[in-house]
Amino acid sequence: MPNSNLNEAQRAKNDEFYTQYADIEKEIAAYLEFNPDVFRGKTILLPCDDPEWSNFTKYFAQNFERFKLKKLISTSYAVESKTYKGVYQPTLFETSAPYYDKIKTIQNGKIFTLTRDKTGDHKVNVDDLEWHYLKGDGDFRSDEIKKLRDEADIIITNPPFSLFREFLAWIIESGKQFVVISNLNAITYKEIFPLIKNDEMWLGNGFHAGNAYFSTPFAQDYGDGVYNPETGLVKFRNVCWFTNLDHGRRHQPLPLMTMAENLKYSKHKEIKGKKSYDRYANYDAIEVPFTDAIPSDYNGAMGVPISFLDKYNPEQFKIIGSSRELGIPMSEVAEKGTYVAGGPRFYLSNGDGTHRRMYDRLVIKKRKF
Ligand SMILES: C[S@@+](CC[C@H](N)C(=O)[O-])C[C@H]1O[C@@H](n2cnc3c(N)ncnc32)[C@H](O)[C@@H]1O
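Those letters in the sequence shown? Residues -6 to 362, by my numbering.
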């Protein structure tokens, strides 16, 4: 493909992925099931949105009464400030407003709020949203949006992927509750992992098998396996929700076999028939390559893939750390030249004096013996 390099560069800057209604509905249902009053009397902020057609705005506006919300605020980012610009056409909804402004529609963000029955039909819903232009471009880092953040109780969105670190730090410094979409790999970031480890943030209910489908105006830039022309959606793997709202799934214990049972009956060929679980060369823990192969009766440290987090129940396990912070440099534990150079991670012996580096691992320990 002649344009593949260009597309690659553009793709990297594309933050325009829009979340599907059904995914929002399914995620939010998990918090409501755990606590039906989770949103009662609360102000919800949906930043980094595009309220005129965002499913987040639609979903929360339609459920305003059912959730007994106090206020819904949704803000968008100015077209001109976006890194990945498409052809822009203001909606009829906007152009027919008396205060429609040809310059502001491009240079300013917008704010939509919902607090009351504006139409007089005795219902508070999407028809009652009121909107105006923001003073600035709607950048979540601006004082204008920070003020809205500080007014809100709960922040919910699919933020720009390219600014995820900054976005999460912005939420954490506010001390607010949140539900946000991310890539699971973000947990290995040094600013983000401590939040998981300290149980200040966890995975939400999640997308089925971590596969999320988004709409994007730039769908055609994506190749086979990502863009599906039939649905018009792009598919990303390893997508998750991060939250500090509680839900039922994280309190369900993971059903597990004992170590002896795993070694005898595991469905994984890497475990079945072995004498014992492998141990790392540079950290005192056993290697557990699959979450469902965690031995129920092992009381020591275990290295597990980061996808374990999806099944993490803090009453069943505690997280000790990650291989990035715990892995002892191989130069200290192996003969020079017998290991693969690279950043600190866990290594397994190949049995011939050489070692292989493992993917990121979380180190966990059982809580209840
Ligand atoms: C992943 S999209 C999600 C949009 C919407 N929340 C949804 O899920 O349908 C993230 C949005 O954030 C916007 N954005 C990018 N940088 C931003 C910033 N600094 N401040 C606010 N919004 C930003 C992008 O233009 C994009 O529309």
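Glycine included, every Cβ here is placed at the ideal spot set by N, Cα and C.
- At the C-beta level, A278 and I264 stay beyond 8 angstroms of one another.
- Between the alpha carbons of R317 and A22 lies a gap of roughly 35 angstroms.
- At least one heavy atom of ligand 1 lies less than 7 angstroms from the C-beta of L156.
- A direct Cα-Cα distance of roughly 11 angstroms separates I164 from L38.
- Inclusion of Y70 and N48 in the CB contact set at 8 angstroms is not warranted, their separation being larger than that value.
- DSSP, reduced to helix, strand and coil, places S175 within a strand of the structure shown.
- One thing to note: V31 has its Cβ within 8 angstroms of the Cβ of L238.
- Contact check between the region 205 to 222 and the region 182 to 197: fewer than three CB pairs, one atom from each, fall below 8 angstroms, which does not count as touching.
- Membership of R317 in any beta strand (DSSP E) is not indicated; the residue belongs instead to the alpha helix (DSSP H) covering 316 to 319.
- Not one heavy atom of ligand 1 falls within 7 angstroms of the beta-carbon of K140.
- Sequence-distant Cβ neighbours of G296 in its own chain, meaning closer than 6 angstroms and more than five residues away, are A278, E280, F339, R354, V356.
- The criterion of a C-beta distance shorter than 8 angstroms is not satisfied by G241 and F53.
- Between ligand 1 and T347, a heavy atom-to-CB distance of less than 7 angstroms is absent.
- Unbroken alpha helix (DSSP H) runs of no fewer than 4 residues, entirely contained in the region -2 to 49, are found at 14 to 27, following chain order.
- For the set I180, D94, T224, R33, the Cα lying nearest the Cα of I312 is the one of I180.
- As the crow flies, the alpha-carbon of Y11 is around 17 angstroms from that of E223.
- With a threshold of 7 angstroms, the Cβ atom of D8 counts as near ligand 1, since some heavy atom of the ligand is closer than that.
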